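Read through the structure below, which is laid out as structure tokens, and then see the notes.
Protein chains: 2
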Amino acid sequence: MAKRKPVSIRDVARESNASLTTVSLVLNKRDGRISSATRERVLKAVDKLGYVPNRLAQSLQAQKSGFLAILVPELRHVFADPYFGELISAIEEAANEAGYKLLLEVAHKQDIEQKRHVELFQRRFVDGLLCLGSTNRDDFLGDFVGSDNAVIIVNNHLPALSLNSVMCDYRQAGVLAAEHLIDLGHKDIAYIHGAAEVQTASDLRESFEARLASSGIKMPKNHAADGLYTEAGGAAAAAQLLKTNPNITAIMAGNDKMAIGAIAGLKNAGLSVPKDVSVVGCDDLQPSLYSDPPLTTIHTPLDEVGHRACTAVLALFEGKQEHVTETLPVSLTLRNSTCGPRKIR
Amino acid sequence: MAKRKPVSIRDVARESNASLTTVSLVLNKRDGRISSATRERVLKAVDKLGYVPNRLAQSLQAQKSGFLAILVPELRHVFADPYFGELISAIEEAANEAGYKLLLEVAHKQDIEQKRHVELFQRRFVDGLLCLGSTNRDDFLGDFVGSDNAVIIVNNHLPALSLNSVMCDYRQAGVLAAEHLIDLGHKDIAYIHGAAEVQTASDLRESFEARLASSGIKMPKNHAADGLYTEAGGAAAAAQLLKTNPNITAIMAGNDKMAIGAIAGLKNAGLSVPKDVSVVGCDDLQPSLYSDPPLTTIHTPLDEVGHRACTAVLALFEGKQEHVTETLPVSLTLRNSTCGPRKIR
DNA sequence: CTGAAAGCGCTAACAC
DNA sequence: GTGTTAGCGCTTTCAG
């Protein structure tokens with residue numbers, strides 16, 4: 000089983016009494032002009048020697064690596080976050096179908112300072128880059144503006160930088176969530192938000208508030224709290240929110256994680272969800288199914304986002320496309336964390 | 000910003016009036032014999048042209064790729080599973096420190112049939128391979144036995160194949176869980192297991208039962224159920240278990256996922272956790288903190304497993320080590336899903 | 001101290 | 001139909 004000395008195309012040529020060219024042609028199916036006798040001989044030799052072309056040599060020659068990199072922020076256990084995980088799974092599937100391999104890149108501070116993200120292309124590590132979890136503070140992404148590198152922002156967009164992106168319609172998400180709560184009769188509504196530097200987070204919040212406002216519902220300043228994009232943050236925010244404003248009957252959270260945290264925080268404060276307080280999340284990730292109660296949330300089609308993003312980055316690389324800005328529709332997933340407000344019951 | 004024509008070492012040589020050799024020597028710090036004047040000139044040229052060496056060419060020449068691949072099973076949304084995620088995060092950290100890049104490989108059925116996993120090495124895609132979520136049915140891993148490829152089984156071991164591995168002590172885990180339940184006074188204990196083809200799952204279960212037995216507690220056949228390694232499976236198993244044996248006071252689950260599912264199933268059946276039934280999990284992943292009640296579970300040091308596995312695979316690749324079989328100790332994490340049995344309260 | 005030249009393994013013009 | 005040859009971009013003997 001051991002393979003000390005790898006077999007090269009040269010060995011195949013020798014074994015089959017053919018030239019390098021012939022072997023190469025046969026292997027790459029450009030063998031219209033090769034006699035079937037020779038082809039057979041070559042194929043037999045390939046089989047006998049167990050030859051497989053060295054990819055490094057192929058890539059060097061072809062001037063492309065066949066790799067796509069996924070860039071994620073430097074967070075503790077990023078890959079354990081189902082949000083990134085779902086996106087990565089979807090991207091992997093699409094990349095695999097297209098014959099590409101996936102490279103994992105974490106935006107370690109050092110790497111960014113040394114512009115390693117640009118080197119990824121310069122050094123021919125990758126043909127394309129998919130950026131997950133980007134924020135408005137990621138100035139380094141500016142290095143890609145105007146470059147001819149195939150880069151795409153996945154499920155976000157950066158207003159300050161004109162970069163390609165594929166994302167969900169978070170404005171629509173805000174509207175749907177607001178309308179759901181309005182329909183249920185809620186008037187005293189609070190909001191737990193994620194980081195303001197995430198553009199889609201702002202989009203979501205703005206459109207949510209705007210839709211509320213258009214139905215005559217105002218959200219005072221003290222009805223909003225930062226959930227830090229974590230369960231713990233969501234729990235703390237919910238507890239504090241209800242302590243300050245006991246008449247709140249519904250909470251919208253910027254993502255499922257914070258919503259699940261909020262439910263925990265509420266229960267902890269002796270309140271029942273949804274009887275006392277309704278909670279709505281956003282993302283519709285797996286955990287929202289197993290929260291107690293199961294979470295009513297906005298479904299964002301992350302699978303499709305991942306697929307499209309991957310397809311798009313390849314189109315960019317191949318020069319088939321110049322710019323990409325796709326926005327995918329979202330929908331409301333009704334589960335059991337919402338009901339009418341306690342007053343009118 | 001656009002870089003149509005990448006700059007090569009040749010350009011640097013020309014710009015600095017030096018030879019290829021000289022430039023290469025300077026860049027690789029093998030410049031003991033280069034005059035500092037020349038060095039300066041070269042460095043200046045490098046800077047001016049923004050030269051970065053092409054990694055494909057370097058790798059081709061060095062006969063190593065600088066990549067490590069992570070092989071995961073083909074499950075729906077694998078990467079969204081926090082178990083794999085934590086492992087991947089840990090591996091990424093270690094790989095990054097060692098200057099290696101990570102490749103994602105999913106064991107798609109087709110790829111396995113075509114022996115793509117072996118090609119990973121033959122084609123020089125990677126220098127080493129880390130296998131996550133392997134099972135006793137993964138015959139293809141046999142292709143690596145006796146080969147000189149750097150392969151390591153992460154957090155598992157395959158008795159049928161002598162392969163390198165780094166894992167947690169699941170036998171100890173079984174003992175700790177059993178002792179915890181025994182100490183609390185439980186006598187009527189059930190077990191929700193994952194797939195039997197996962198060796199560590201069998202280890203865990205066997206040692207759990209053995210420890211119980213040594214304290215005179217028998218677990219009848221009908222006190223065990225398959226949780227399919229999923230939340231839904233855990234929920235169904237728990238419900239069925241208590242329907243058949245209403246006097247069960249504690250349940251051990253093969254992992255956190257099934258434990259969390261079990262809690263949901265129990266609640267759904269109108270039982271309270273831990274008052275009516277105690278539940279113990281295994282893994283201590285993030286979600287166990289936010290379950291309701293927070294889960295008492297066996298802490299498996301996945302971070303360390305990932306780190307060690309990565310270090311080990313590199314040691315194997317560099318020939319510094321021949322065989323690796325590490326087993327890391329686990330511990331009990333006490334939270335609120337367990338208490339004494341209802342009878343003796 | 002520096003450079004010419006060979007070679008890593010492959011592909012593709014361009015002969016023959 | 002098939003083979004020769006020149007690279008892809010880099011490192012590394014080996015001369016000078």
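Chains as they are written, first to last, in numbering that gives the first Met the number 0: chain A, 0 to 344; chain B, 0 to 344. Glycine included, every Cβ here is placed at the ideal spot set by N, Cα and C. The model shown is predicted, which means the values in this text are computed figures rather than measured ones.
- Task: Taking only the alpha-carbon atoms, compute the straight-line gap between K217(A) and H185(A) and give it to the nearest angstrom.
- Result: Along the first sequence, read from residue 1 onward, the residue named residue 217(A) stands at position 218. Along the first sequence, read from residue 1 onward, the residue named residue 185(A) stands at position 186. C-alpha separation (whole angstroms): 12 Å.
- Would you say the region 265-274 of chain A touches the region 212-230 of chain B, given that touching needs at least three Cβ pairs under 8 Å? no
- CB contact check: I247(B) to chain A, cutoff 8 Å: One-based indexing of the second sequence puts residue 247(B) at position 248. False, the Cβ-Cβ gap to chain A never drops below 8 Å.
- Task: Go through its chain and collect everything with a Cβ distance to K242(B)'s Cβ below 8 Å, but skip five positions before and after it.
- Result: For this step, residue 242(B) is matched to residue 243 along the second sequence. Result list for K242(B): A268, in chain order.
- Proximal chain A residues relative to L59(B), where beta-carbon distance stays under 8 Å: Here residue 59(B) refers to the residue found at position 60 when the second sequence is read from its first residue. N53, L55, A56 and L59, listed in chain order.
- Message: Only counting the same chain, and skipping five residues up and downstream in sequence, which positions put a Cβ closer than 6 Å to that of I152(A)?
- Response: Mapped onto the first sequence, residue 152(A) falls at position 153. If we look at I152(A) and ignore the five residues flanking it on each side, its Cβ neighbours are C130, S133, L162 and S164.
- Task: Tell me where the alpha helix (DSSP H) around H179(A) begins and ends.
- Result: Taking the first residue of the first sequence as 1, we reach residue 179(A) at position 180. Element bounds for H179(A): Y169 to L183.
- Task: Determine, using beta carbons only, whether E317(B) comes closer than 8 Å to chain A.
- Result: Counting from one through the second sequence, the residue named residue 317(B) turns up at place 318. So no, E317(B) is outside the interface.
- Query: Just to confirm, are L59(A) and L55(B) a CB contact at a threshold of 8 Å?
  - Reply: For this step, residue 59(A) is matched to residue 60 along the first sequence. For this step, residue 55(B) is matched to residue 56 along the second sequence. Yes, the Cβ-Cβ distance between L59(A) and L55(B) is below 8 Å.
- Answer yes if the region 7-21 of chain B comes into contact with the region 304-324 of chain A, meaning at least three C-beta pairs across the two stretches below 8 Å, and no otherwise. no
- Query: Could you give the uninterrupted runs of the beta strand (DSSP E) lying entirely in the region 254-313 of chain B, keeping only those of 3 residues or more?
  - Reply: 277-282 and 295-298
- Please determine, among I250(B), L240(B), L24(B) and G127(B), the residue with the shortest C-alpha to C-alpha distance to T296(B). The sequence position of residue 296(B) within the second sequence is 297, counting from 1. Closest by alpha carbon: I250(B).
- On the three-pair Cβ rule with 8 Å, is the region 83-91 of chain A touching the region 89-101 of chain B? no
- Residue burial classification, S290(B) (beta-carbon count within 10 angstroms, cutoff 16): What you label residue 290(B) is simply residue 291 of the second sequence in a count that begins at 1. By the 10 Å Cβ count, S290(B) comes out buried.
- Pick from T199(A), L284(A) and V25(A): whose alpha carbon is nearest that of L157(A)? The residue given as residue 157(A) occupies position 158 in the first sequence. Measuring from the Cα of L157(A), the nearest candidate turns out to be T199(A).
- Would you be able to state if there are at least three C-beta pairs under 8 Å between the region 136-152 of chain A and the region 167-179 of chain A? no
- Query: Is the distance from the Cβ of I191(A) to the Cβ of M257(A) below 8 Å?
  - Reply: Within the first sequence, the letter at position 192 stands for residue 191(A). Within the first sequence, the letter at position 258 stands for residue 257(A). Closer than 8 Å, so yes.
- Message: For a cutoff of 8 Å on Cβ pairs, would you count M0(A) as touching chain B?
- Response: Within the first sequence, the letter at position 1 stands for residue 0(A). Confidence in M0(A) is poor, its pLDDT being 33 and thus under 50, which makes the residue's placement unreliable; the coordinate value appears in the next sentence. True, the Cβ-Cβ gap to chain B drops below 8 Å.
- Message: Check for me: the beta strand (DSSP E) holding I152(A) runs from which residue to which?
- Response: For the purposes of this step, residue 152(A) is taken as residue 153 along the first sequence, with counting starting at 1. Taken as a continuous stretch (DSSP letters only), the beta strand (DSSP E) holding I152(A) covers A149 to V153.
- Below-8 Å beta-carbon distance, H107(B) vs any chain A residue: As a first step, residue 107(B) is located in the second sequence; it is residue number 108 there, counting from the start. So, interface residue.
- May I have a chain-ordered list of the alpha helix (DSSP H) segments no shorter than 4 residues that lie completely inside the region 9-47 of chain A? 19-26
- Contact belief for A17(A) with R40(A) at Cβ below 8 Å, rounded distance in angstroms: Within the first sequence, numbered from 1, the residue matching residue 17(A) stands at position 18. Within the first sequence, numbered from 1, the residue matching residue 40(A) stands at position 41. Indeed they touch by this definition, with Cβ atoms about 7 Å apart.
- Going by other Cβ atoms of all chains shown within 10 Å of its Cβ, with 16 needed for buried, is S64(A) buried or exposed? Within the first sequence, the letter at position 65 stands for residue 64(A). Buried is the call here.
- Task: Using 10 angstroms around the beta-carbon of N246(B), count the other beta-carbons present and answer buried if the total reaches 16, otherwise exposed.
- Result: For the purposes of this step, residue 246(B) is identified with residue 247 of the second sequence, where counting begins at 1. Exposed: under 16 other Cβ atoms inside 10 Å.
- Message: In the DSSP output, which residue or residues are listed as bridge partners for C345(A)?
- Response: Residue 345(A) lies beyond the stretch modelled for chain A, which goes from 0 to 344, so this question has no answer here.
- Rounded C-alpha distance that separates G84(A) from V22(B): Along the first sequence, read from residue 1 onward, the residue named residue 84(A) stands at position 85. Along the second sequence, read from residue 1 onward, the residue named residue 22(B) stands at position 23. So the two alpha carbons sit approximately 43 Å from each other.
- Message: Please report the distance separating the alpha-carbon of G193(B) from that of G232(B).
- Response: Numbered from its first residue, the second sequence carries residue 193(B) at position 194. Numbered from its first residue, the second sequence carries residue 232(B) at position 233. Between G193(B) and G232(B), the C-alpha separation is close to 9 Å.
- Measure from the C-beta of L160(A) to each C-beta in chain B and report whether the shortest distance is under 8 Å. Counted from its first residue, the first sequence places residue 160(A) at position 161. Taking Cβ atoms only, chain B never reaches closer than 8 Å to L160(A), which makes this a no.
- For A106(A), which of P52(A), P72(A) and E196(A) has the nearest alpha-carbon? Within the first sequence, residue 106(A) is the residue found at index 107, counting from 1. It is P72(A) whose Cα lies nearest to the Cα of A106(A).
- Item | K2(B), buried or exposed, once every other Cβ within 10 Å from all chains shown has been counted against 16 | Numbered from its first residue, the second sequence carries residue 2(B) at position 3. Unreliable positioning characterises K2(B) in this predicted model, as indicated by a pLDDT of 43, which lies under 50. The coordinate reading is nonetheless provided below. Burial call: exposed.
- Thinking C-alpha only, which one of D138(A), L331(A), C167(A) and G264(A) is nearest D302(A)? As a working note, residue 302(A) is residue 303 in the first sequence. D302(A) has its Cα closest to that of C167(A), out of D138(A), L331(A), C167(A) and G264(A).
- Task: Would you mind stating whether L86(B) and V304(B) have Cβ atoms separated by less than 8 Å?
- Result: The sequence position of residue 86(B) within the second sequence is 87, counting from 1. The sequence position of residue 304(B) within the second sequence is 305, counting from 1. In contact: L86(B) and V304(B) (Cβ atoms closer than 8 Å).
- Query: Under a Cβ-count criterion, where at least 16 other Cβ atoms within 10 Å of its own Cβ denotes burial, should E104(A) be classed as buried or exposed?
  - Reply: The count along the first sequence starts at 1 and reaches residue 104(A) at position 105. Buried, since its Cβ has 16 or more Cβ neighbours within 10 Å.
- Message: Below 8 Å on C-beta distance, what does L48(A) contact in chain B?
- Response: Counting from one through the first sequence, the residue named residue 48(A) turns up at place 49. Those within 8 Å of L48(A) in chain B number zero; the least Cβ separation is about 11 Å.
- Message: Please report whether the beta-carbon of Y228(B) lies at a distance below 8 Å from any beta-carbon of chain A.
- Response: The count along the second sequence starts at 1 and reaches residue 228(B) at position 229. No, no contact with chain A.
- Message: Taking 8 Å as the threshold (beta carbon to beta carbon), is H76(A) in contact with chain B?
- Response: Your numbering for residue 76(A) matches position 77 in the first sequence. By this cut-off, H76(A) is an interface position.
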